[in-house]
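Engineer: Mind looking over this structure? Questions follow.
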Amino acid sequence: SVTCKTNLLQVSSISLIPQIVSNSKKLLESAKIMNIPVVYTEQYPKGLGHTVPELNITEYSNTKFEKLQFSMMVPELINHLKAELNHVNTVVLCGIETHACIRHTTLDLIDQGFNVHVVVDCCSSRTMVDRKYAFKAIERMGANLITTESAIFGFAPDAGHPKFGQLRKLLLEPSVDTGL
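The sequence shown begins at 1 in the UniProt record's numbering and counts up by one.
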């Protein structure tokens, strides 16, 4: 399962947002190719706005949850995981802000027994310091820090996979550098 969180009004103050959106689109497209479910949340959309339109999130998912807490793990999403995605034991996370929502979501997912992969070049914060130290904390929690390309190769770990050719097209264009 790929989970993603990006609100519109917060974006103007987020570092590297064009790069994060570009890499996130590649991640979402690969999930679509592989029929991997995508769930996303919006933090207080009435006040902070909706997911950035550039992401075209509804092309990849119609499973959205609104939240006020930093973690994505609101009761409705937990119920969805249990009812619709009970076979899922690994979650790939991307979004903003790394030191708040991604960090809290990671902790909650690990506490609930999920394997968590945080896609570092699809996550950011308002400051590079917050981003950098959030990744350190997230890794200490037990999550795996990966890149967009690592995630894609993880979706089809064998070049003989029937859909690898479609993924290969995404991999031909390097992911945008986010300074890590």
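Ideal placement from N, C-alpha and C gives every residue a C-beta, glycine not left out. Quantities reported herein were computed from a predicted structural model and do not represent experimental measurements.
Along the chain, where does the alpha helix (DSSP H) containing residue 93 start, and where does it finish?
Structural biologist: Residue 93 -> not in any alpha helix (DSSP H); beta strand (DSSP E) instead, spanning 90-96.
Engineer: Rounded to the nearest angstrom, what separates residue 41 and residue 161 at their Cα positions?
Structural biologist: Answer to the nearest angstrom: the Cα atoms are 31 Å apart.
Engineer: Beta-carbon within less than 6 Å of residue 8's beta-carbon, same chain only, minus the 5 sequence neighbours each way: which residues are those?
Structural biologist: Its pLDDT being 47, under 50, residue 8 is placed unreliably in this model, and the value from its coordinates should be taken loosely. Only 49, 50, 52 meet the Cβ criterion.
Engineer: Just the Cα atoms here: how many angstroms apart are residue 91 and residue 74?
Structural biologist: Distance between the alpha carbons of residue 91 and residue 74: 15 Å.
Engineer: Hey, residue 167 and residue 30: beta-carbon distance below 7 Å or not?
Structural biologist: The answer is yes: Cβ separation under 7 Å.
Engineer: When burial is assigned at 16 or more other CB atoms within 10 Å of the CB, is residue 13 buried or exposed?
Structural biologist: Result: exposed.
Engineer: Between residue 71 and residue 121, is the Cβ-Cβ spacing less than 7 Å?
Structural biologist: No.
Engineer: For residue 16, which residues of its own chain have a beta-carbon under 6 Å away from its beta-carbon, when the five flanking residues on both sides are left out?
Structural biologist: Once the five neighbours on either side are set aside, the close Cβ partners of residue 16 are 124, 178.
Engineer: Take residue 54 and list the residues in its own chain whose beta-carbon comes closer than 7 Å to its own, dropping the five residues that flank it on each side.
Structural biologist: For residue 54, where only same-chain residues beyond five positions count, the Cβ hits under 7 Å are 21.
Engineer: On the CB-based measure, 16 or more other CB atoms within 10 Å of its CB, does residue 23 come out buried or exposed?
Structural biologist: It counts as buried.
Engineer: Could you check which residue in 47, 39, 180, 152 has the C-alpha nearest to that of residue 57?
Structural biologist: If we check each option's Cα against that of residue 57, 39 comes out closest.
Engineer: Which term fits residue 119, buried or exposed, when burial requires 16 or more other beta carbons within 10 angstroms of its beta carbon?
Structural biologist: Classification of residue 119: buried, given that the 10 Å Cβ count is 16 or more.
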